[in-house]
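Here the structure comes first, spelled out in structure tokens, and everything after it is commentary.
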Amino acid sequence: MLVADRVQSHLRLMYLREDVAALTARVLDTLRVPADQPLLEPTGLWDERDSVLITYGDTITAEGEAPLATLHRFVAQRLDGCCSVVHVLPLFPYSSDDGFSIVDYRVVRDDLGDWDDVSELADAPGLMIDLVLNHCSAGSAWFGQFERGEEPGRSYFVTADPDDDVTQVVRPRTLPLLRPTATPEGERLVWCTFSHDQVDLDWSNPELLCDMLGVLRRYLDVGARFLRLDAVAYVWKRPGTRCIHLPETHELVKLIRTLVDAAAPGTVLVTETNVPNRENLKYFGHGDEAHVIYNFSLPPLVLDALWTGHSRHLATWMMSMPPARDGTAYLNFLASHDGVGLRPAEGLLEPDEVDRMVDTARAAGGMVSTFDTPSGPKAYELNLSLFDALARTHAGPDEHHLARFTCAHAIMLAVEGIPAVYVHSLLGTPNDVEAVEDRGHHRAINRSQLRLDEVDAALDGGGVRAAAFRSLRHLLTERAKHSAFHPNATQFTLHLGDELFGCWRQARDRSSSVFAVSNMTAHSVVLPLSELNLTVTDTWTDLLSGAPISHESDEVVLGPYASVWIASSEA
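Be aware that the sequence shown starts at 53, since it is given in our numbering, and climbs by one per residue.
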């Protein structure tokens, strides 16, 4: 099939009243894609050496240096060989929400650096960049045009009539949905899914589509290897519906996928949809939507397992997860710039278990954000540092902080998918209560800004933060060496009882295997090797300790929260 034919089929479903042939030509011209280019499926997009560092561009700063240059230097010096992609959260001028209320999509913030700095990150190690689709800032030039009745902004935003039915609208916030705004045509009610400073863009307007595809082309030109579609689930609006996951939304993702595959083969499209697990999985489509989806259920289930001391819910969910088909993968993470989402745990944890997680998060110094439901506000996410979260269990704090923290990452790095580590987990950053007070929102608790000299002192010292960094770096380094950790390598969840969690990974060419097992408890647990079926013709080694595993041994004893990656030698 030719690219033009596929693009036209997407546009026909999205823009029923438009001249689709003419719009197809405009879209392809914007992306600089020949209409007669054959549509090819990309291959080899990732392997076991891939891992992502999630960070803001100015999380780490140094005197007299652009923060993006400081970030580049930090990654080169501290993470060489164990980080292949840096996800730099929005780089652009913004008015709120720590970058996600974008004023200008085409300009790098002066206080971060410039496009040359961005290109250097894209060249090495690699770059993930955000395309914020649902909304832009109320301080943007486009919204200024809307307020003045000028094109193109005049028709770039979603508005509602007073009698529109918006009672079913799903939102991640408790603020009023509609923002009254004065215009030359009178007061308009502007749709705001997230906040009144984040005004929703009208993707039913093909002029907006072409403008935003121009932004996409700019990000591809700078060399972004991964492209993250932020808040994509909400982009299409239709009064009287839930206004989430609408068919046009999925068609827009398919369109962007087609264009990315054609315009920049090898670029990976990632959807960010913090929703219940079944809804999230639909963004794979039939292999024709996202290359990669966030594995949003993993963080709350790992936290639940380590807080309770049993793996039952984590293992049950893992067994039910479909393996990602070739050309698609999960993005595994435990923490990010946002909190630990609770909606992805819906149907996986009982309400009273979620309530207990909320209580434990607060006991760990964290906070809880809520969202609107027909029955009232409900817990949406836990806001706290993962490092502080794992200093305790439901029963309280104990001496196993570092072991539990390392265990969580050993699980995340072992399971099927591409791993992503948040910079503040890597650095062992504690809750930043002062930042919450200064910025006025809960998510600031895990968005500290640090001086490079402070970071160096912490990582080179003898404290628990230095130990945490060394542990995570060791895990990342060992994972990258073994083909059984390819994001699409075969996986089976092991049946080892509630105290242990384990999975078997096998390289795609069957040349090697890894049995990854973790103790979820504060006491030692015996792992009978008979449960692993270690083949006698292979030599087995624990990748984490370097210790050989003898066939003559009957068992391995795992200390509190300890993990083993028992691997056969590569062929």
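Heads up, the beta-carbon is just placed ideally off N, CA and C, and yes, glycines get one too. Just so we're clear, the structure is a prediction, and the values are computed from it rather than from any experiment.
Nearest by alpha-carbon distance to Phe144: which of Ser136, Cys134, Asp156, Asp606 is it? Numbered from 1 along the sequence shown, position 92 holds the residue referred to as residue 144. For the options Ser136, Cys134, Asp156, Asp606, the alpha carbon positioned closest to that of Phe144 is the one of Asp156.
Verify the CB distance criterion: does Gly428 have a CB-CB separation below 9 Å to chain E? Checking the listed chains, one finds no chain E in this structure; it contains a single protein chain.
Between Pro449 and Ala397, is the Cβ-Cβ spacing less than 9 Å? Sequence index remark: in the sequence shown, residue 449 carries index 397 (1-based). Sequence index remark: in the sequence shown, residue 397 carries index 345 (1-based). In this structure, Ala397 does not lie closer than 9 Å to Pro449 by Cβ.
Which same chain residues end up closer than 6 Å to Asp102 when comparing Cβ atoms and leaving out the 5 residues on each side of it in sequence? Residue numbering aside, residue 102 sits at position 50 when the sequence shown is read from its first letter. The answer, listed in chain order, is Ser136, Ile470.
Taking the beta carbon of Thr573 as the centre, do at least 16 other beta carbons fall within 10 Å, making it buried, or is it exposed? For the purposes of this step, residue 573 is taken as the residue at position 521 of the sequence shown. With 16 or more other Cβ atoms within 10 Å, it is buried.
Keeping to the same chain, check which residues put their C-beta closer than 6 Å to that of Leu511; ignore five residues upstream and five downstream. The residue given as residue 511 occupies position 459 in the sequence shown. Taken in chain order, the residues that qualify are Ala518, Phe521.
Return the chain-ordered list of same chain residues with a C-beta closer than 6 Å to the C-beta of Ser477, the five sequence neighbours on each side being excluded. The residue you call residue 477 lines up with position 425 of the sequence shown. The beta carbon of Ser477 is closer than 6 Å to those of Ala387, Leu438 in its chain, skipping five residues each way along the sequence.
Which ranges would you report for the alpha helix (DSSP H) in the stretch 60 to 117 if only whole runs of at least 4 residues count? DSSP runs (the alpha helix (DSSP H)) wholly in the stretch 60 to 117: 72 to 83.
Going by the C-beta, is Val210 closer than 8 Å to any heavy atom of the ligand PLP? Absence of the ligand PLP from the depicted structure is noted, as is the absence of any ligand whatsoever, leaving it without description.
Cβ-based burial, Glu93 [other Cβ within 10 Å; buried from 16]: Start at 1 with the first residue of the sequence shown, and residue 93 comes out as number 41. Classification for Glu93: exposed.
Roughly how far, in whole angstroms, is the beta-carbon of Pro651 from the beta-carbon of Leu75, given that I think they are within contact range, below 8 Å? Beyond the ends of the chain as shown, which are 53 and 623, falls residue 651; an answer cannot be given.
Candidates Gly393, Tyr108, Leu454, Ala472: which alpha carbon is nearest Asn329's? Against the sequence shown, residue 329 aligns to sequence position 277. From the listed residues Gly393, Tyr108, Leu454, Ala472, the smallest Cα separation to Asn329 is found for Gly393.
Nearest neighbour of Leu479, chosen from Glu451, Arg444, Asp440 [CA to CA]: Counting from one through the sequence shown, the residue named residue 479 turns up at place 427. In terms of Cα proximity to Leu479, the closest of Glu451, Arg444, Asp440 is Asp440.
Specify the secondary structure class of Asp505 as computed by DSSP and reduced to three states. Here residue 505 refers to the residue found at position 453 when the sequence shown is read from its first residue. Asp505: helix per DSSP, three-state reduction.
Arg557 to Ser621 span [Cα, whole Å]: On the sequence shown, position 505 is the one that residue 557 refers to. On the sequence shown, position 569 is the one that residue 621 refers to. Taking the straight line joining both Cα atoms gives about 13 Å.
Quick check on the DSSP output: the beta strand (DSSP E) that includes Phe544 runs from which residue to which? For this step, residue 544 is matched to residue 492 along the sequence shown. That run of the beta strand (DSSP E) goes 542 to 545.
Between which residues of its own chain and Ala190 is the CB-CB distance below 6 Å, once the five residues before and five after are set aside? On the sequence shown, position 138 is the one that residue 190 refers to. In chain order, Asp249, Val251 place their CB closer than 6 Å to the CB of Ala190, counting only its own chain and leaving out the 5 sequence neighbours on each side.
From Gly178, Glu604, Thr542, Val85, residue whose alpha carbon lies closest to that of Gly266: Residue numbering aside, residue 266 sits at position 214 when the sequence shown is read from its first letter. For Gly266, the nearest C-alpha among the options comes from Val85.
Between the Cα of Asp39 and the Cα atoms of Leu548, Ser500, Arg444, Val284, which residue gives the shortest distance? Outside the shown range of the chain, which is 53 to 623, sits residue 39, and nothing can be said about it.
Are there 16 or more other CB atoms within 10 angstroms of the CB of Leu366, so buried, or fewer, so exposed? Counting from one through the sequence shown, the residue named residue 366 turns up at place 314. Burial call: buried.
Beta-carbon contacts of Val626 that lie in its chain and below 7 Å, excluding the five residues immediately before and after: Shown here, the chain extends from 53 to 623; a query on residue 626 therefore has no answer.
Ile618 bridges to which residues according to DSSP? Mapped onto the sequence shown, residue 618 falls at position 566. Ile618 is bridged to Phe567, Asp594.
Per-residue burial, Ser582 [other beta carbons within 10 Å of its own, 16 or more giving buried]: In the sequence shown, residue 582 corresponds to position 530, counting from 1. With fewer than 16 other Cβ atoms inside 10 Å of its own Cβ, Ser582 counts as exposed.
Return helix, strand or coil for Leu383, following the three-state DSSP convention. Within the sequence shown, numbered from 1, the residue matching residue 383 stands at position 331. DSSP, reduced to helix, strand and coil, places Leu383 within a strand of the structure shown.
Is the stretch 57 to 64 in contact with the stretch 301 to 310, if contact means three or more CB pairs nearer than 8 Å? By the Cβ criterion, the stretch 57 to 64 is in contact with the stretch 301 to 310, since at least three pairs of Cβ atoms, one from each stretch, lie closer than 8 Å.
Proximity of Arg495 and Gly391 at Cβ, strictly below 9 Å: Taking the first residue of the sequence shown as 1, we reach residue 495 at position 443. Taking the first residue of the sequence shown as 1, we reach residue 391 at position 339. Taking C-beta atoms as the reference points, Arg495 and Gly391 count as a pair closer than 9 Å.
Applying the criterion that 16 or more other CB atoms from any shown protein chain within 10 Å of the CB defines a buried residue, is Arg280 buried or exposed? Along the sequence shown, read from residue 1 onward, the residue named residue 280 stands at position 228. By the neighbour-count criterion, in which a residue is buried when 16 or more other Cβ atoms sit within 10 angstroms of its Cβ, Arg280 is buried.
Looking only at C-alpha atoms, which of Leu400, Ile345, Ala487, Ala443 sits nearest to Thr412? Your numbering for residue 412 matches position 360 in the sequence shown. The option with the nearest alpha carbon to Thr412 is Ala443.
With the cut-off set at 9 Å, would you say Glu560 and Thr542 are in Cβ contact? Taking the sequence shown and counting its residues from 1, one reaches residue 560 at position 508. Taking the sequence shown and counting its residues from 1, one reaches residue 542 at position 490. Reading off the sequence shown, one finds Arg at residue 560, where the question assumed Glu. Yes, these two residues count as a Cβ contact at 9 Å.
Could you give the uninterrupted runs of the beta strand (DSSP E) lying entirely in the stretch 155 to 179, keeping only those of 3 residues or more? Those beta strand (DSSP E) runs which fall completely within the stretch 155 to 179 and span 3+ residues do not exist here.
Quick check on the DSSP output: what are the complete beta strand (DSSP E) runs of length 3 or more inside the stretch 217 to 265, in order along the chain? 230 to 235, 238 to 243, 250 to 252, all fully within the stretch 217 to 265.
For Gly554, the three-state DSSP class (helix, strand or coil): By 1-based counting over the sequence shown, the position of residue 554 is 502. It is a strand residue.
Quick one: Cα of Leu579 to Cα of Ser597, how far? Counting from 1 along the sequence shown, the entry for residue 579 is found at position 527. Counting from 1 along the sequence shown, the entry for residue 597 is found at position 545. Looking at the two C-alpha atoms, the distance is approximately 16 Å.
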